[in-house]
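Asker:
In UniProt numbering, the protein residues as written are 1 to 182.
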């Protein structure tokens, strides 16, 4: 089995009304919950909305001595993901804001995992991470702000709680000749 790593990001708003997301922080957690990488990202464009009420981000967070460029954060993320299974919640958003792709067969998105959604009687919608963690683990997260380290750790904990089913589900059998009728 490939090594497993959890990912979560924070973003700020750029563009008209701050509606376009731009990476502000990226965090990776290993299988045991230890921080592998956690960096603020220097904005490459003017930030319109820091989303401080939900992120807790301040302008100085993104310009401090430990902040890295977007290209450095993107390169490190690509390196950390290569050959690994990535765990997270709404991973498509994290990957999009990072500007990278990852094979779907190597992603484990706890927000899309049907047994979790079915357990909460909402099989047709993605449930927020905060709700999933509370309902399935009786643990509170995001008490003050969205914290990508805490969120990545929570996603990994959810994954670990059902790892056997997650990892060992047989892949769907695809018949390349199913469209041919004799």
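Don't be surprised by glycine CBs; every beta carbon is placed ideally from N, CA and C.
If contact is defined by three or more beta carbon pairs under 8 Å, each pair taking one atom from either stretch, is the stretch 34–43 in contact with the stretch 60–79?
Answerer: These segments touch.
Asker: Sort out for me which residues DSSP pairs residue 10 with in a bridge.
Answerer: As a first step, residue 10 must be located in the chain shown, where it is residue number 10. Its beta-bridge partners are 25.
Asker: How far does the alpha helix (DSSP H) with residue 86 in it extend, from its first residue to its last?
Answerer: What you label residue 86 is simply residue 86 of the chain shown in a count that begins at 1. Per DSSP, residue 86 belongs to no alpha helix (DSSP H); it is in the beta strand (DSSP E), 85–88.
Asker: Pick helix, strand or coil for residue 41, following the three-state DSSP scheme.
Answerer: As a first step, residue 41 is located in the chain shown; it is residue number 41 there, counting from the start. Residue 41 falls in the strand class under three-state DSSP.
Asker: Are the stretch 27–35 and the stretch 146–156 in contact at 8 Å, needing three or more beta carbon pairs?
Answerer: Touching, yes, given that three or more Cβ pairs across the two stretches are closer than 8 Å.
Asker: Can you name the start and end residues of the beta strand (DSSP E) that residue 107 belongs to?
Answerer: Stepping through the chain shown from its first residue, residue 107 is reached at position 107. That run of the beta strand (DSSP E) goes 107–109.
Asker: Determine the extent of the alpha helix (DSSP H) in which residue 151 is found, giving its start and end residues.
Answerer: Here the question's residue 151 lines up with position 151 in the chain shown. Start and end: 148–161.
Asker: Specify the secondary structure class of residue 66 as computed by DSSP and reduced to three states.
Answerer: In the chain shown, residue 66 corresponds to position 66, counting from 1. Reduced to three states, the DSSP call for residue 66 is coil.
Asker: Could you pull out every residue in the same chain whose Cβ sits closer than 6 Å to the Cβ of residue 139, ignoring the five residues on either side in sequence?
Answerer: As a first step, residue 139 is located in the chain shown; it is residue number 139 there, counting from the start. If we look at residue 139 and ignore the five residues flanking it on each side, its Cβ neighbours are 133.
Asker: State the start and end residues of the unbroken alpha helix (DSSP H) segment that holds residue 131.
Answerer: For this step, residue 131 is matched to residue 131 along the chain shown. Counting along the chain, the alpha helix (DSSP H) containing residue 131 begins and ends at 129–137.
Asker: Give me, in chain order, the residues of the same chain whose beta-carbon lies closer than 7 Å to that of residue 186; leave out the 5 immediate sequence neighbours on both sides.
Answerer: A question about residue 186 goes unanswered here, because the residues of the chain that appear run from 1 up to 182.
Asker: Give the DSSP bridge partners of residue 30, in chain order.
Answerer: Within the chain shown, residue 30 is the residue found at index 30, counting from 1. Its beta-bridge partners are 5.
Asker: State yes or no: is the C-beta of residue 5 within less than 8 Å of the C-beta of residue 84?
Answerer: Counting from 1 along the chain shown, the entry for residue 5 is found at position 5. Counting from 1 along the chain shown, the entry for residue 84 is found at position 84. Yes.
Asker: With H, G and I counted as helix, E and B as strand and the rest as coil, what does DSSP make of residue 20?
Answerer: Numbered from its first residue, the chain shown carries residue 20 at position 20. Reduced to three states, the DSSP call for residue 20 is strand.
Asker: Quick check on DSSP: helix, strand or coil for residue 48?
Answerer: Taking the first residue of the chain shown as 1, we reach residue 48 at position 48. It is coil, neither helix nor strand.
Asker: With H, G and I counted as helix, E and B as strand and the rest as coil, what does DSSP make of residue 36?
Answerer: In the chain shown, counting from the first residue as 1, residue 36 sits at position 36. Three-state result, residue 36: strand.
Asker: Sorted by chain position, which residues of the same chain lie with C-beta nearer than 7 Å to residue 94's C-beta, five sequence neighbours on each side aside?
Answerer: Residue mapping note: residue 94 aligns to position 94 of the chain shown, counting from 1. For residue 94, where only same-chain residues beyond five positions count, the Cβ hits under 7 Å are 7, 8, 9, 88.
Asker: Mapping DSSP to helix, strand and coil, what is residue 82?
Answerer: By 1-based counting over the chain shown, the position of residue 82 is 82. Here residue 82 sits in coil by DSSP.
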